[in-house]
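The structure under discussion appears below in the form of C-alpha cells.
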Amino acid sequence: MRHLLAVEGLSRSEIEAILDRAESFAEVGRRDIKKVPTLRGRTVVSLFYEASTRTSSSFELAAKRLSADLVSIKAGGSSVDKGESLKDTVATLSAYDPAAIVIRHPYAGAAQLVAEWSEAAVVNAGDGKHEHPSQALLDLYTLRRRLGSLEGKRIWIVGDVLHSRVARSNLVAFQAMGAEVTVCGPPTLIPRGIETLGCEVAHSLDRLDEADVVYALRLQKERMAESFLPSLREYATRFQIDTRRLAPRQLLMHPGPVNRGVELSGEAVDSPQSLISEQVASGLVVRMAILYELLAARERPAPVEGEGAQSPTPLGQPA
Amino acid sequence: MSLATALDMRSGEGADIVLRGATVLDPVAGIEGHHDVVVRDGRIAELAAPGAGEVAGGEEIDADGLHAFPAFFDPHVHLRTPGQEHKEDIETGTRAAAAGGFCGVLAMANTDPPVSTPADVEALREAAREQASVPVGFLATVTRGMEGRELTEMAALRDAGALGFSDDGLPLRDARVLRRALQYQQLCGGTIALHEEDPELSGAGVMHEGPVSAALGLTGIPSVSESTTIARDAALAAYEGARIHVQHLSAAESVEAVRAAKAAGVRISAEASPHHLCLTDEAVRSLDPRRFKMNPPLRSEADRQALIDGLRDGTIECVATDHAPHAAEEKEVPFEQAAMGVTGLETAFAALHTYLILPGVLDLALVVERLAGGAEPFGLERPSLAPGSEANVALCDLAATWTVGEEGYESRSSNSWCAGEELTGRVLMTLAGGQVAYRLRSFSLGVAR
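Chains as they are written, first to last, in my numbering: chain A, 23 to 341; chain B, 3 to 451.
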C-alpha cells in the first residue's frame with residue numbers, strides 16, 4: 023500500500039493487515055514508555071485545512087509514538103491563509119522530505135492530488151464529503167474487538183448521509199468485511215443513487231430493531247437553512263437514536279463530535295452499549311498502524327548502484 | 003453570403019489548390035465519391051475526375067486515401083477576449099479551430115467585461131480582422147453585464163455586427179427578462195442562444211447527480227435543472243413566436259423537451275458537445291477536473307444515448323464544442339474548486355470518429371453533416387463543397403492515429419477532455435473562408451515531396 027486515500031479500492035486482506043497491526047500497537051499503549059523507534063529520523067507532516075480535534079490529535083500522537091519528527095500545519099495562521107495554492111504548499115513542504123503527509127481538506131480528491139504532487143506517502147484524513155478512511159478503519163477495529171467478525175452483521179447508518187464522508191467510507195468498509203448495510207435518514211439527506219453502492223435505503227427507524235449496530239452521524243445545525251430539514255425538532259422526533267429505540271443487544275457508534283439531543287439522546291451516548299469512547303481510543307492505535315503499514319513496510323529506496331552504493335564518504339575526506 | 007463576408011477574419015490570398023483524388027463527402031450537397039477538389043481563388047471551382055483537375059500556378063496535394071469534408075462550424079466557443087487572454091485569445095482560439103477542421107466559430111460574450119455594447123462588438127471584429135485564422139462571429143449578451151436584469155441595446159448591437167445574443171455561462175433566471183428579449187428580437191433579429199439551467203436546482207453542484215456523485219460525495223446537478231428551464235423557455239418562445247437556440251444539451255429529459263417543442267412548432271434549435279456525446283459521469287471517478295469538470299456536467303449512459311438518438315433524428319441539429327479554455331492553475335486544484343469547462347476544438351472530429359463512428363454508433367455522413375450544422379441556426383450559410391461555394395474544406399486522414407496533447411496544442415490552454423487519449427482520425431489541412439487556415443506540420447512536409 024503506497025497511500026491511504028480511500029476505503030474504496032482496499033481489499034479485505036489489506037484492511038485486515040492494518041487491523042492486525044493495530045492490535046499489536048494496543049500492547050504498546052499499555053507499557054510505561056508508550057513509544058517505539060520505528061519511524062525515528064523520518065518526518066510526518068500533518069496538514070489540516072479544516073478544524074479537527076480527534077483526527078489531528080490522534081494522527082499527531084500516533085506519529086510521535088512511532089518516534090517520527092512531526093510538522094503540524096493548520097490552515098489558520100499559515101501561508102494557506104495568504105492564498106497559497108495546495109500545489110505550492112505541497113511543493114514547499116516537500117523541501118522537508120516528508121515520509122508521510124496526513125491531509126484533511128474541505129474538498130474531495132485533495133489527498134489524491136497531494137499524492138500526485140509529492141513523493142511522500144499520503145494519508146487522507148478527510149477530503150470534503152468524499153472519504154475518511156482512517157475513521158472507517160478505526161470503526162472496523164472497534165467493532166472487531168467487540169463482535170469478532172462482521173460477516174452477516176446488519177449495520178444501520180443513520181442521519182445526514184448526504185454530507186458525510188464518514189458514511190461513505192464506512193458504507194464501503196462495512197460491506198468489504200461482510201456486513202449488510204442500511205442507510206437511513208430523511209430523503210433530503212440521502213444521496214440519490216446511493217443504493218448502487220450495495221446498501222439498503224430506509225426513511226424511517228421502524229425496522230431499526232433488525233440492526234446489530236447503529237451508527238449515527240453528526241447532524242450539522244446549519245442544514246435547516248438550505249431546506250434539508252424543516253426543524254431540528256422534527257428531525258429528532260423521527261430520527262434521533264435514544265434508549266427507547268435502541269435495544270440492549272444493539273451497539274451504538276458515532277464518529278463525534280456528538281450533538282446531544284439531536285442525532286443521539288444523552289442517555290444513548292452514555293449507555294453501556296455505546297462504543298463512542300472506544301472509537302476514540304481505537305483511533306490512536308489504528309492511526310499508528312496506518313503510518314506503520316505505509317512507512318515501515320516501505321523502507322527508503324536503496325541508493326542507485328554505482329553512486330554511493332558503498333558506505334558514504336567519511337566527513338572531511340575528499341570524495 | 004459566404005462566411006468570410008458575413009463574419010470576420012484576417013484578410014489573405016484566396017487559395018489556389020487541387021486536392022487530388024480525395025474521397026469527397028458532403029451529404030447535404032449530395033456529393034460522395036473520388037474527385038479532384040479544385041479550389042481557385044478561394045472558391046470550389048469544380049469537382050473534377052481524379053487526375054483531371056488543374057489550377058494554374060496552384061498547389062497540388064496528393065489526397066489519395068484522404069477525405070475531404072465541408073469544413074465544420076462551431077456555434078459555441080469561448081475565445082476569452084477581452085479580459086482573460088491568459089486562457090485564450092482570438093489568434094490562438096481560431097488557430098485551434100482551424101486545427102480541428104473548423105471554418106467558422108461563434109464566440110460567446112461572457113468575457114471580462116462581457117460583450118454588452120456596440121463598441122465591444124466593433125473592437126472584437128476589428129481584432130478578428132487582424133488575428134483570426136478562420137471567420138469568427140461574435141455574440142453579445144442578452145442582458146447588460148450579464149447581470150440578468152436589463153436588456154442590452156440589442157438593435158444597436160445587431161447594427162454593430164453581433165451575430166446573435168447569449169448570456170452563456172449563466173442562465174437567464176428571470177422569465178420576464180427573457181420574454182422581453184424574445185419580444186425585442188422581432189425588431190432586431192438575431193438568434194438568442196440559451197444556457198439552460200435552474201441555478202436554484204443546480205445549487206453548489208459540480209457534477210451530474212446520480213450514483214457516481216453519491217459515491218464520490220460531490221454535490222450533484224440534477225438533470226431537471228436543465229430540462230425544466232428548456233421547457234419554460236420553449237413555452238416562452240412559442241408564445242412570442244421567437245427563435246431560440248438551446249446550448250449544450252446534456253440530459254435525456256432535455257432532448258425530450260426539445261423534441262416536444264419542435265413537434266409543437268416552436269422555432270428552436272439545439273446543439274450537443276462531443277464530450278457529452280462520448281463520455282459519462284463515470285469519468286469523474288478519476289476526480290480529474292482538467293478533463294472532466296464542465297457545466298453542464300457529464301451525465302449518465304442513458305443521457306448519452308438520448309443525445310446520440312437526438313443527434314441522429316435531427317432533434318439536435320449541430321455539434322458544438324463549448325471550447326472553454328482555462329489556465330493550468332485554475333484546474334490544478336481539487337475537483338470542487340476547479341473552473342468549469344474543457345477545450346474541444348482541436349479534437350472534435352477525431353473524438354467523434356473514434357468514439358462513435360468507428361464503433362458503428364453513428365454514420366460518418368451524419369457526423370459530418372452535424373459538425374457543419376451550427377451555421378444555419380444563426381442565419382449563416384452552411385459550408386458546402388458544391389462548385390461555386392466559398393472554399394471551406396476539412397481534409398482528414400481517417401486512419402491516422404495520434405495522442406492528444408503529445409505535440410502540444412494550438413489553443414493557449416491544455417484542459418482538453420481528450421488529453422493523453424489516442425484518437426483515430428486527424429485533420430491534415432483546413433480551408434476556411436477561402437484561405438488555407440491550417441496544415442498539420444508533418445503533413446505539409448509530405449506535400450513538399
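The C-beta atom is built at its ideal place from N, Cα and C for all residues, glycine as well. This one's a predicted model, so the numbers in the text were calculated from it and none came from an experiment.
Around the beta carbon of B/Gln339, 16 or more other beta carbons sit within 10 angstroms, so the residue counts as buried. Between the region 157-172 of chain B and the region 128-141 of chain B there are three or more inter-stretch CB-CB distances shorter than 8 Å, so the stretches are counted as touching. Contact annotation: B/Asp283 and B/Gly212 have beta-carbon atoms nearer than 8 Å.
Among the residues of chain B, those whose CB is under 7 Å from the CB of A/Ala132 are Pro336, following chain order. A/Gln134 sits buried, since 16 or more C-beta atoms from the chains shown fall within 10 Å of its C-beta. In this structure, A/Leu26 sits away from A/Ile263, with a CB-CB distance that is not shorter than 8 Å. Residue contact with chain A for B/Gly222: present (Cβ-Cβ distance below 8 Å to some residue of chain A).
According to the DSSP assignment, B/Glu273 belongs to the beta strand (DSSP E) that extends over 269-274. Secondary-structure assignment with DSSP links B/Gly166 through a beta bridge to B/Leu141, B/Thr193. At a cut-off of 8 Å, the C-beta of B/Ala285 has no neighbouring C-beta in chain A.
One Cα belongs to B/His36, the other to B/Ala58, and the distance between them is close to 21 Å. Between B/Val406 and B/Gly381, the CB-CB gap reaches or exceeds 8 Å. Look at the region 337-354 of chain B: the residues with a C-beta under 8 Å from a C-beta of chain A are Phe337, Glu338, Gln339. Between A/Asn192 and A/Leu241, the beta carbon gap of about 16 Å keeps them out of contact (Cβ cut-off 8 Å). Taking C-beta separations shorter than 8 Å and ignoring five residues to either side along the sequence, the partners of B/Arg131 in its chain run Asp10, Met11, Arg12, Ser13, following chain order. With fewer than 16 other Cβ atoms inside 10 Å of its own Cβ, B/Ala401 counts as exposed. With respect to the C-alpha of B/Leu360, the residue from B/Leu218, B/Arg292, B/Cys280, B/Leu126 having the closest C-alpha is B/Cys280. Of the candidates B/Ala239, B/Asp161, B/Glu128, B/Ala239 places its Cα closest to the Cα of B/Val179. Taken atom to atom, the span from the alpha-carbon of A/Val194 to that of A/Leu219 is near 8 Å.
Interface annotation, B/Pro137: not in contact with chain A, CB-CB separation never under 8 Å. Judged by DSSP secondary structure, A/Leu184 falls outside any beta strand (DSSP E); it is assigned neither H nor E.
At least 8 Å separates the CB of A/Ile179 from every CB of chain B.
Between the C-alpha atoms of B/Pro276 and B/Leu368 there is a straight-line separation of about 14 Å. Chain-order list of chain B residues neighbouring A/Leu135: Pro336, by C-beta distance under 7 Å. Per DSSP, the unbroken beta strand (DSSP E) holding A/Ser68 starts and ends at 65-70. Cβ proximity to chain B below 7 Å picks out Arg187, Arg190 from the region 186-202 of chain A.
The CB of B/Ser229 never comes closer than 9 Å to any CB in chain A; the least such distance is about 16 Å. Across the set A/Ile40, A/Pro213, A/Val67, A/Leu108, the C-alpha of A/Leu108 shows the shortest separation from the C-alpha of B/Glu331. With respect to chain B, the C-beta atom of A/Leu219 has a partner C-beta closer than 8 Å.
Boundaries of the beta strand (DSSP E) harbouring B/Pro77: 74-79, taken from the DSSP string. When secondary structure is reduced to three states using DSSP, B/His278 falls in the helix class. Taking the C-beta atoms as reference points, B/Val268 is found nearer than 8 Å to B/Ala236. Under DSSP, A/Leu32 shares a beta bridge with no residue. When CB distances to chain B are screened at a threshold of 7 Å, the residues of the region 103-122 of chain A falling below it are Ser107, Leu108, Lys109, in chain order.
For A/Gly51, same chain residues with a beta-carbon under 6 Å away, outside a window of 5 residues either side, do not exist. One Cα belongs to B/Gly23, the other to A/Ser140, and the distance between them is close to 54 Å.
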